[in-house]
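Asks: Chains as they are written, first to last, in the working numbering: chain A, 572 to 733; chain B, 572 to 733; chain C, 572 to 733; chain D, 572 to 733.
4 protein chains.
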Amino acid sequence: MARRICISVIGASVAAEGELSIAQELGREIARRGAVLICGGLTGVMEAAAKGAREEGGLTIGILPGEDSSSANPYIDVPIVTGLGFVRNVIVAYSGDAVIAVGGKLGTLTEIAFAFMKDKPVIGIGTWAPEEGRLEGHKLILAKDAKEAVKKALEIINTRRA
Amino acid sequence: MARRICISVIGASVAAEGELSIAQELGREIARRGAVLICGGLTGVMEAAAKGAREEGGLTIGILPGEDSSSANPYIDVPIVTGLGFVRNVIVAYSGDAVIAVGGKLGTLTEIAFAFMKDKPVIGIGTWAPEEGRLEGHKLILAKDAKEAVKKALEIINTRRA
Amino acid sequence: MARRICISVIGASVAAEGELSIAQELGREIARRGAVLICGGLTGVMEAAAKGAREEGGLTIGILPGEDSSSANPYIDVPIVTGLGFVRNVIVAYSGDAVIAVGGKLGTLTEIAFAFMKDKPVIGIGTWAPEEGRLEGHKLILAKDAKEAVKKALEIINTRRA
Amino acid sequence: MARRICISVIGASVAAEGELSIAQELGREIARRGAVLICGGLTGVMEAAAKGAREEGGLTIGILPGEDSSSANPYIDVPIVTGLGFVRNVIVAYSGDAVIAVGGKLGTLTEIAFAFMKDKPVIGIGTWAPEEGRLEGHKLILAKDAKEAVKKALEIINTRRA
Numbered sequence: 572m573a574r575r576i577c578i579s580v581i582g583a584s585v586a587a588e589g590e591l592s593i594a595q596e597l598g599r600e601i602a603r604r605g606a607v608l609i610c611g612g613l614t615g616v617m618e619a620a621a622k623g624a625r626e627e628g629g630l631t632i633g634i635l636p637g638e639d640s641s642s643a644n645p646y647i648d649v650p651i652v653t654g655l656g657f658v659r660n661v662i663v664a665y666s667g668d669a670v671i672a673v674g675g676k677l678g679t680l681t682e683i684a685f686a687f688m689k690d691k692p693v694i695g696i697g698t699w700a701p702e703e704g705r706l707e708g709h710k711l712i713l714a715k716d717a718k719e720a721v722k723k724a725l726e727i728i729n730t731r732r733a
Numbered sequence: 572m573a574r575r576i577c578i579s580v581i582g583a584s585v586a587a588e589g590e591l592s593i594a595q596e597l598g599r600e601i602a603r604r605g606a607v608l609i610c611g612g613l614t615g616v617m618e619a620a621a622k623g624a625r626e627e628g629g630l631t632i633g634i635l636p637g638e639d640s641s642s643a644n645p646y647i648d649v650p651i652v653t654g655l656g657f658v659r660n661v662i663v664a665y666s667g668d669a670v671i672a673v674g675g676k677l678g679t680l681t682e683i684a685f686a687f688m689k690d691k692p693v694i695g696i697g698t699w700a701p702e703e704g705r706l707e708g709h710k711l712i713l714a715k716d717a718k719e720a721v722k723k724a725l726e727i728i729n730t731r732r733a
Numbered sequence: 572m573a574r575r576i577c578i579s580v581i582g583a584s585v586a587a588e589g590e591l592s593i594a595q596e597l598g599r600e601i602a603r604r605g606a607v608l609i610c611g612g613l614t615g616v617m618e619a620a621a622k623g624a625r626e627e628g629g630l631t632i633g634i635l636p637g638e639d640s641s642s643a644n645p646y647i648d649v650p651i652v653t654g655l656g657f658v659r660n661v662i663v664a665y666s667g668d669a670v671i672a673v674g675g676k677l678g679t680l681t682e683i684a685f686a687f688m689k690d691k692p693v694i695g696i697g698t699w700a701p702e703e704g705r706l707e708g709h710k711l712i713l714a715k716d717a718k719e720a721v722k723k724a725l726e727i728i729n730t731r732r733a
Numbered sequence: 572m573a574r575r576i577c578i579s580v581i582g583a584s585v586a587a588e589g590e591l592s593i594a595q596e597l598g599r600e601i602a603r604r605g606a607v608l609i610c611g612g613l614t615g616v617m618e619a620a621a622k623g624a625r626e627e628g629g630l631t632i633g634i635l636p637g638e639d640s641s642s643a644n645p646y647i648d649v650p651i652v653t654g655l656g657f658v659r660n661v662i663v664a665y666s667g668d669a670v671i672a673v674g675g676k677l678g679t680l681t682e683i684a685f686a687f688m689k690d691k692p693v694i695g696i697g698t699w700a701p702e703e704g705r706l707e708g709h710k711l712i713l714a715k716d717a718k719e720a721v722k723k724a725l726e727i728i729n730t731r732r733a
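#1: Of all the residues that make up the segment 578-612 of chain C, which are near chain B by a beta-carbon distance shorter than 9 Å?
#2: Would you mind stating whether A720/A and I671/A have Cβ atoms separated by less than 8 Å?
#3: From D639/D to T679/A, what distance separates their C-alpha atoms?
#4: Under 9 Å Cβ-Cβ, which residues of chain A neighbour G678/B?
#5: Are the beta-carbon atoms belonging to I712/D and I696/D less than 8 Å from one another?
#6: Within 10 angstroms of its Cβ, does R732/C collect 16 or more other Cβ (buried), or is it exposed?
#7: Which stretch, first to last residue, makes up the beta strand (DSSP E) that contains V673/B?
#8: Spell out whether any CB of chain D is found under 8 Å from the CB atom of T681/A.
#9: Can you name the residues of chain A whose CB is closer than 9 Å to the CB of V616/B?
#10: Check each candidate in V580/B, I634/B, G598/B, V616/B and name the one with the smallest Cα separation from G628/B.
#11: Please state the DSSP three-state secondary structure of V721/C.
#12: Cutting at 7 Å between CB atoms, please list the residues of its own chain near I601/B, excluding the five before and the five after it.
#13: Tell me, please, which residues DSSP counts as bridged to P650/D.
#14: Would you say V652/A lies against chain B (beta-carbon separation less than 8 Å)?
#15: Closer than 7 Å, Cβ to any Cβ of chain C: which residues of the segment 636-663 of chain D, in chain order?
#16: Is it the case that the Cβ atoms of G605/D and A643/D are separated by a distance below 8 Å?
#17: Of the choices D716/A, I728/A, A724/A, whose alpha-carbon is the least far from that of E596/A?
#18: When burial is assigned at 16 or more other CB atoms within 10 Å of the CB, is M688/B buried or exposed?
#19: What are the boundary residues of the alpha helix (DSSP H) that G678/C is part of?
#20: Checking the sheet assignment: what are the DSSP bridge partners for S579/C?
#21: Once you ignore the five residues that flank T614/A on each side, which residues in its own chain have a CB closer than 8 Å to its CB?
#22: Please report how far the alpha carbon of T653/D lies from the alpha carbon of L635/B, in whole angstroms.
#23: Apart from the five residues on each side of it in sequence, which residues of its chain come closer than 8 Å, Cβ to Cβ, to D690/A?
#24: Identify every residue that forms a DSSP beta bridge with V693/B.
#25: Taking Cβ positions only, does A573/A come closer than 8 Å to chain D?
#26: At the level of alpha carbons, what is the spacing between K718/B and G656/B?
#27: For S666/A, which of T698/A, I647/A, I632/A has the nearest alpha-carbon?
#28: At what residues does the alpha helix (DSSP H) containing E627/D begin and finish?
#29: Would you grab the beta carbon distance between N575/A and D668/D for me? Rounded to a whole angstrom, and I think it's under 8 Å.
#30: Residues of chain B with CB closer than 7 Å to the CB of I728/C, please, in chain order.
#31: Just to check my reading of the structure: V658/B and V658/A have Cβ atoms closer than 8 Å, yes? What is that Cβ distance to the nearest angstrom?
#32: Taking the continuous alpha helix (DSSP H) assigned at E596/D, which residues delimit it?
#33: I'd like to confirm the pairing. Which residues does DSSP put opposite I712/C in its beta bridges?
#34: Whose CA, out of I593/B, L725/B, I651/B, lies closest to the CA of I581/B?
#35: Given a threshold of 16 other Cβ atoms within 10 Å of its Cβ, counted over all protein chains shown, does G675/B qualify as buried or as exposed?
#36: Give a yes or no on whether 8 Å exceeds the smallest Cβ distance from R731/D to chain A.
The following block contains the structure:
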């Protein structure tokens, strides 16, 4: 099996400084642990995470909303061009073995919901914590920083694969 | 202009009795007011709303997740066959001039979020009220019953069209 | 069962005069026979077909590529807003009980292929006749004019429903 | 710029022996030349191409139609999970800097058409050669074998990037 572990990092395309440095550290940590970084391929949290992963020699995949690859940030190795607009959020959520959310607004909320619909582990740093009664048993896992988030993601992925 | 006013009703495919009767009354009221009912085309809230609309002679459109029309509930006049799975939620959200949510779980949450992303009015009866700080200025409009929900939806639609 | 017969008309957004008058007559004939017209909602063949259907009091559905309804031609009763770009061609192909192609270029070819993939009857007037050896048993049905095309479409639909 | 050159290989999920060995050699050659292999992730031509690329240490991306990664063939490094059914063909076509078709049936035809719609170079080995009058100036480039196909693809990609 060639199959690599993939972790999706989600968050806003315009983000606060603090969120960007968390995202960059997430990218670094994902690469250090040998996983592939998947993100939406654009700016903000997506770019910071890809930059971090590249710094550690990791592989970065950007699932782009547009119809060509020109919008990909410069740290994306492989742009996946969907032409689907915001609908590409679903593919970001489905393609990670785990999803890590940093802050985020409406788009991030859709990605968390689609990840839960497929029973993916979702780890959040300062993000949405939707009203639990409606989550059909799904629960956002909280992490205090990037290192802890990646550690928790990999623990769950490895347990499920075992 | 042939263009008709369209209202999307969203909610769970397995719903409590109380939600079903609200949905059916929503369908009736939408039809009485001359609007087109758009929904996800399946069971639960979707079927009750379509049934109500048909009782009043209204037109019902079902945006189906599957690759053929066989899953449409019996009250759908025009099944739109997408083959897109849960992604069809986005089309339900985008195609209503307003969106009315009845109860609902994760799928409903994604539809509310996509509706907000396109600045649609979203009226809720006993549904998600996501943490406002993250909604980028969007606000769920609450309604106590079906009649009030449709009234509020049409007021906003007509104001925007004027 | 509320379910109505739906016929998709496909063709180019910029079309020759002769194709436009065939499309308009297709729309008229579809409406006269009580079926719903489905199309891509934009200009050219799509607009002419919708215009014809409206002239005869028919119902017209436009499956739009964009993220709002502003691009719908003025003869569309119900715009379905997909935000999916050219991918919406698949929904046009899947949603007709039969598909009728008038002339057409690359987009029309994709719609014919997706219709065949779902075993839909496809009737063509002056359109693609793809190399038969590769069509996995599917065959474009040729028609000489609009009346014949709709007649052939309805015969197959009614036989399949019987 | 991290951005890598990506080549999509398309063809049937059930393919003749001769097509499979061409696909495998395509995968090998793509990897030898340092490009990333993109494919639909399933069996047949997709699997043979991914197997070839892996033999030469290349990176393989599979754009899957289903809602989880279980259908990926064993030579896929990174499964992109779309949940979009056949619609994922569009993403395969859009994501390659060039597209190489081996044999193929209806699905392959849709991919060729979508690639042309985005003005991608499409190289064919024993595949569809659609009626040229309707192709809006696009032309399938013929190749006699895998080596020539990859060579032609890279020449066009490099010329465009220069």
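C-beta atoms are modelled at their ideal positions from N, C-alpha and C, and glycine is treated no differently. All of these numbers come straight from a predicted model, not from anything done at the bench.
Replies: Put simply:
#1: Residues of the segment 578-612 of chain C with a C-beta atom less than 9 Å from some C-beta of chain B are V607, I609, listed in chain order.
#2: Taking the C-beta atoms as reference points, I671/A is found nearer than 8 Å to A720/A.
#3: One alpha carbon belongs to D639/D, the other to T679/A, and they sit about 20 Å apart.
#4: Correct list: A684, M688.
#5: No; because the gap between Cβ atoms is not below 8 Å, this pair is not in contact.
#6: Residue environment analysis places R732/C among the exposed positions, since fewer than 16 neighbouring C-beta atoms fall within 10 angstroms of its C-beta.
#7: Its beta strand (DSSP E) spans residues 669-673.
#8: Judged by the 8 Å Cβ criterion, T681/A is not in contact with chain D.
#9: The CB of V616/B never comes closer than 9 Å to any CB in chain A; the least such distance is about 14 Å.
#10: The shortest C-alpha separation from G628/B is found at G598/B.
#11: Residue state, collapsed to three classes: helix.
#12: I578, L608, A624, G629, V721.
#13: Beta-bridge partners of P650/D (DSSP): G633/D.
#14: No, its Cβ sits nowhere closer than 8 Å to a Cβ of chain B.
#15: Taking 7 Å as the Cβ-Cβ cut-off against chain C, the residues of the segment 636-663 of chain D that qualify are F657, V658, V661.
#16: Contact flag unset, no.
#17: When only C-alpha atoms are compared, the closest one is D716/A.
#18: Answer is buried; the Cβ neighbour count reaches 16.
#19: Its alpha helix (DSSP H) spans residues 677-688.
#20: Within the DSSP secondary-structure output, S579/C pairs in a beta bridge with I609/C, V670/C.
#21: Setting aside the 5 residues that flank it on each side, T614/A is surrounded in the same chain by S584, V585, N644, each with a C-beta closer than 8 Å to its C-beta; the list follows chain order.
#22: When rounded, the separation of the alpha-carbon atoms in T653/D and L635/B is 17 Å.
#23: Cβ contact annotation for D690/A (same chain, cutoff 8 Å, sequence separation greater than five): H709, in chain order.
#24: The bridge partners DSSP lists for V693/B are V670/B.
#25: Interface residue (Cβ-Cβ distance to chain D less than 8 Å): A573/A is classified as such.
#26: The straight-line gap from Cα to Cα measures roughly 31 Å.
#27: When the alpha-carbon of S666/A is set against those of T698/A, I647/A, I632/A, the nearest one is in I632/A.
#28: Where E627/D is concerned, there is no enclosing alpha helix (DSSP H), given that its DSSP letter is neither H nor E.
#29: A small fix is needed here, since residue 575/A is Arg in this sequence, not Asn. With a Cβ gap of about 22 Å, R575/A and D668/D do not count as contacting.
#30: By Cβ distance, chain B contributes nothing, its closest Cβ being about 12 Å from I728/C, past 7 Å.
#31: Between V658/B and V658/A the beta-carbon gap is near 6 Å, inside 8 Å, which marks them as a contact.
#32: Boundaries of the alpha helix (DSSP H) around E596/D: 588-603.
#33: DSSP lists I694/C as partners of I712/C.
#34: The shortest C-alpha separation from I581/B is found at I593/B.
#35: Under this definition G675/B is a buried residue.
#36: No, R731/D does not count as interfacial toward chain A.
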